[in-house]
Amino acid sequence: MTTPDPSAWIDLTGKVAHVTGGAKGIGRGISRALAAAGATVMVSDVNLEGAQATANEIDGHAMTLDVSDRAAVDEAMQKTADSLGGLDVLVNNAGVYLEFGGPVRDITDDMWRTLWSVNVDGVFYCCRAAADIMINHGNGGRIINVSSTQAVTPGVGVTYDGSKAAVAQITKALALELAPHNINVNALAPGPTWVNEGPPPATAGNPPPPSGEPLADTVADRIARLPKGHWGDPMEQGKAVVFLASSMSDFVTGIYLPVDGGWLTL
Ligand SMILES: NC(=O)c1ccc[n+]([C@@H]2O[C@H](COP(=O)([O-])OP(=O)(O)OC[C@H]3O[C@@H](n4cnc5c(N)ncnc54)[C@H](O)[C@@H]3O)[C@@H](O)[C@H]2O)c1
6 MTTPDPSAWI DLTGKVAHVT GGAKGIGRGI SRALAAAGAT VMVSDVNLEG AQATANEIDG
66 HAMTLDVSDR AAVDEAMQKT ADSLGGLDVL VNNAGVYLEF GGPVRDITDD MWRTLWSVNV
126 DGVFYCCRAA ADIMINHGNG GRIINVSSTQ AVTPGVGVTY DGSKAAVAQI TKALALELAP
186 HNINVNALAP GPTWVNEGPP PATAGNPPPP SGEPLADTVA DRIARLPKGH WGDPMEQGKA
246 VVFLASSMSD FVTGIYLPVD GGWLTL
């Protein structure tokens, strides 16, 4: 019997990946991780300069894309496949949050629509366009939708928390539908991940005993008590995406994978 080579299981050489919202933050970490595993990466974003900066770091490619624009999404996915020789992995990472959050009475129709048009419509448009290409090519594929721990533990507000729960369920529905085409569809659920300039604020890293303590009731409270004791790093999200994009997860589809430093234990 030949001994398996685990390094081959994560090797993405020859695979083409498209990462939305890759100009900064988690999307940049995901792009870096996929490229490190050997994939050819198309980085898209409304911020072309940032997408290009990410692409330059990883010897990848960049394009401008607003995921809430259906026609632009169709064109971008097709252009990725035509120019890079296929589309094997789609990472729906683009998302907006804090600027559209807050108490329900302060949420305007416009804030609600804008957030959902990016976080939900955008995911749907990209999934639909990529699934069409993947099915036509007949080589299978991987779709990874970036949800959030807020899908399970609300705290940012109705707009964002609701949108991320929708992403988690869209993922499951699509996993069921696309499994016969050998397309695995999974959701990544990041916990607090530091994407701003400068070092992240300290966390206590000292969770309460499992009994007798009230549950934390604010996001800040939970971050302060994060079991792993530090904010997440975009590359930690990227590593989990490599798992979901690679042969390491051949039999994994329809899951919601928290990468959260223990957030959901609180
Ligand atoms: N950072 C966290 O703690 C955290 C936790 C859970 C989930 N998430 C999710 O991870 C994803 C990335 O978040 P982040 O923290 O890196 O955010 P970020 O703000 O640092 O980066 C988001 C990127 O998406 C781009 N973008 C925004 N609207 C877009 C659009 N319409 N089309 C294309 N690109 C667009 C932005 O230009 C930016 O480059 C989001 O879906 C977010 O909801 C983040």
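Read in order, the letters of the sequence shown are residues 6 to 271 in the numbering used here. Each residue gets a CB set at the ideal place from its N, CA and C atoms; glycine is no exception. Every value quoted in this text rests on a predicted model; they were computed, and no experiment measured them.
Round the Cβ separation of Val-200 and Lys-20 to the nearest angstrom and send it over; I've been treating them as touching at under 8 Å. Contact flag wrong, Cβ pair sits at about 25 Å.
For ligand 1, any of its heavy atoms closer than 7 Å to the Cβ of Tyr-261? no
Ligand 1 and Ile-175: does the residue's C-beta get closer than 7 Å to at least one heavy atom of that ligand? no
Measure the C-alpha to C-alpha separation of Lys-177 and Ser-12 and round it to an integer number of angstroms. 29 Å
Give me whichever residues DSSP pairs with Pro-263 in a beta bridge. Ala-194
I think Ala-170 touches Ala-156, with their Cβ atoms under 8 Å apart; what is that distance to the nearest whole Å? 4 Å
Heavy atom of ligand 1 less than 7 Å from the Cβ of Thr-223, yes or no? no
Measuring alpha carbon to alpha carbon, tell me which of Lys-233, Val-72, Val-109 and Val-48 ends up nearest Gly-160. Val-109
Of the residues Arg-33, Glu-182 and Ser-152, which one's Cα is nearest the Cα of Gly-145? Glu-182
Given 8 Å, three or more beta-carbon pairs between the stretch 132 to 142 and the stretch 72 to 84: yes
Where do the ends of the alpha helix (DSSP H) carrying Gly-2 lie? Because the chain is modelled from 6 through 271, residue 2 falls outside the range shown and cannot be assessed.
Ligand 1 heavy atom lying under 7 Å from the CB of Gly-100: yes
Through-space distance from Ile-35 to Gln-57, alpha-carbon basis: 15 Å
Within the same chain, show all residues whose beta-carbon is closer than 6 Å to that of Thr-18, passing over the 5 residues directly before and after it, in chain order. Gly-43
Considering only the alpha carbon of each residue, which of Glu-54, Tyr-165, Asn-187 and Asp-10 lies closest to Ile-148? Asn-187
Per DSSP, what kind of secondary structure is Ser-252 in: helix, strand or coil? helix
I'd like to confirm the pairing. Which residues does DSSP put opposite Ser-49 in its beta bridges? Thr-25 and Met-68
Go ahead and pull the three-state DSSP assignment for Asn-201. coil
From the DSSP output, in three-state form, read off Val-257 for me. coil
Taking just the CA atoms, how far does Gly-167 sit from Cys-132? 19 Å
Tell whether a beta-carbon distance below 8 Å holds between Val-51 and Ile-63. no
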